[in-house]
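If you read the sequence shown in UniProt numbering, its first letter stands for residue 1, the second for the next number, and so on.
Glycine is no exception: its CB is placed at the ideal position from the N, C-alpha and C atoms.
A quick note: this is a predicted structure, and the numbers were derived from the prediction, not measured.
These notes concern the structure reproduced below.
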Amino acid sequence: MKGLFDHGGLFMSVFSRVCLGFTFLLTALQVQASIVLGGTRIIYPSNQNEVQITLKNKDAYARYLVQSWVSNIDGSKAPFLITPPVYKLEENRQTLLHIVFTGDKNKLPQDRESLFLANIKSVSAMPEELKDRNTLQFAMKARLKLFWRPASLDNSDALTAWEKLKFHKEAGKLIVKNPTPFYISFSDLTVSGKNIVPTESKSEPGALLMMVGPFSEQRFSLPVGAGSIVEWSVITDYGSSSGKRQQKL
């Protein structure tokens, strides 16, 4: 104990730096929450030249540098252009991001949706009083699902596609079949009141796993003691949650 107090000055110096580091981290996380996107998903009808999404800075004191791009699910480059690709967003201001498809429409499936990711990365501008100090800056990244929707698909059918899902149990798994041409994302999925939770990984976050692709199926591990009533709701085109439906397994 004496040794610790003998080096009290060093201990307090290290402790102060650790506290300061946590302060910067918390401040960064709080500040980055000031960047608000005008939606949680993007629907891109194939017969439109572009789609737009609002980007707003709610912070009254900080500016942000925002970088935007579209990728495939595996992170590779996708045939889209976001303008402006890099933008300085001033305090209490907003702008529109324009998303333009630059590829060959005929190379994408015409009978179903295709999925891409819109990536939005933001970092706050360094305050003048901190520019000459050793400080950390944190970049925050948001990813929005971008659904390319062929003109042959009806938007009204997309709103009711979730009602057509079929469920059954097999070898301790809940199997969900999607017979529609639309991607369907769950906002809630339970079996007899027990939540279905996917196994996340760095390459496959839960938001992608809690989704069933067009004309395909998804498998989930059933919770121990799960019963025979499945209940689900989904995220609609508008980013809100649908009503709930039930089915007996």
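Whose CA, out of the options, lies closest to the CA of residue i?
| i | options | result |
| --- | --- | --- |
| Pro-84 | Leu-96, Asn-92, Glu-91, Gly-75 | Leu-96 |
| Ala-60 | Asn-92, Lys-173, Ile-43 | Asn-92 |
| Phe-116 | Lys-58, Lys-77, Asn-49, Asp-154 | Lys-77 |
| Gln-246 | Asn-57, Leu-209, Gly-193 | Gly-193 |
| Tyr-238 | Phe-215, Ser-156, Ile-175 | Ser-156 |
| Tyr-64 | Ser-71, Gln-94, Val-224 | Gln-94 |
| Phe-216 | Phe-167, Leu-249, Ala-226 | What sits at residue 216 in the sequence shown is Ser, not Phe. Looking at the Cα atoms, Phe-167 is the closest of the given residues. |
| Ala-161 | Gln-218, Asp-74, Val-212, Ile-175 | Val-212 |
| Glu-90 | Gly-75, Asn-57, Ser-68 | Asn-57 |
| Lys-169 | Ser-68, Gly-225, Glu-163 | Gly-225 |
| Lys-248 | Ile-82, Pro-179, Ile-175 | Ile-175 |
Are the beta-carbon atoms of residue i and residue j separated by less than 8 Å?
| i | j | result |
| --- | --- | --- |
| Ile-120 | Val-66 | yes |
| Ser-46 | Lys-88 | no |
| Ile-184 | Phe-220 | no |
| Lys-177 | Leu-165 | yes |
| Ala-118 | Leu-146 | yes |
| Leu-144 | Val-191 | no |
| Ala-142 | Ala-62 | no |
Leaving out five residues before and five after residue i in sequence, what residues of the same chain have Cβ atoms less than 6 Å from its Cβ?
| i | result |
| --- | --- |
| Ser-233 | Ser-187, Asp-188, Ser-241, Ser-242, Lys-244 |
| Phe-101 | Phe-80 |
| Ile-235 | Ser-185, Ser-187 |
| Arg-112 | Pro-181, Pro-214 |
| Thr-40 | Gly-239 |
| Gly-38 | Ile-53, Thr-54 |
| Val-86 | Gln-67 |
Does residue i pass the burial test, meaning 16 or more other C-beta atoms within 10 Å, or should it be called exposed?
| i | result |
| --- | --- |
| Ser-228 | exposed |
| Ala-171 | exposed |
| Thr-54 | exposed |
| Val-230 | buried |
| Ile-35 | buried |
| Ala-151 | exposed |
| Ile-73 | exposed |
| Val-70 | buried |
Leaving out five residues on either side along the sequence, give the residues of the same chain with a beta carbon under 7 Å from the beta carbon of residue i.
| i | result |
| --- | --- |
| Pro-198 | Gly-206, Leu-209, Met-210, Phe-220 |
| Ile-43 | Phe-147, Arg-149, Asp-237 |
| Leu-159 | Thr-236, Asp-237 |
| Leu-108 | Ser-114, Trp-148 |
| Glu-50 | His-98, Ile-99, Val-100 |
| Gly-103 | Pro-79 |
| Glu-163 | Arg-245 |
According to DSSP, which residues form a beta bridge with residue i?
| i | result |
| --- | --- |
| Arg-63 | BP columns for Arg-63 are empty, so no partner. |
| Val-234 | Phe-186 |
| residue 252 | No statement about residue 252 is possible, as the shown extent of the chain runs from 1 to 249 and does not include it. |
| Glu-217 | Lys-177 |
| Val-197 | Note: Val-197 sits in no beta bridge, so no partner. |
| Asn-119 | Trp-69, Arg-143 |
Ignore the nearest five residues each way along the sequence and tell me which others in residue i's own chain have a CB closer than 8 Å to its CB.
| i | result |
| --- | --- |
| Gly-9 | For Gly-9, the pLDDT reaches just 48, beneath the cut-off of 50, and the residue's location in the model is therefore unreliable, leaving the point undetermined. |
Taking 7 Å as the cut-off, is the C-beta of residue i nearer than that to any heavy atom in the ligand NAD?
| i | result |
| --- | --- |
| Ala-151 | Summarising the ligand content, the structure contains no ligands, and the ligand NAD is consequently not present. |
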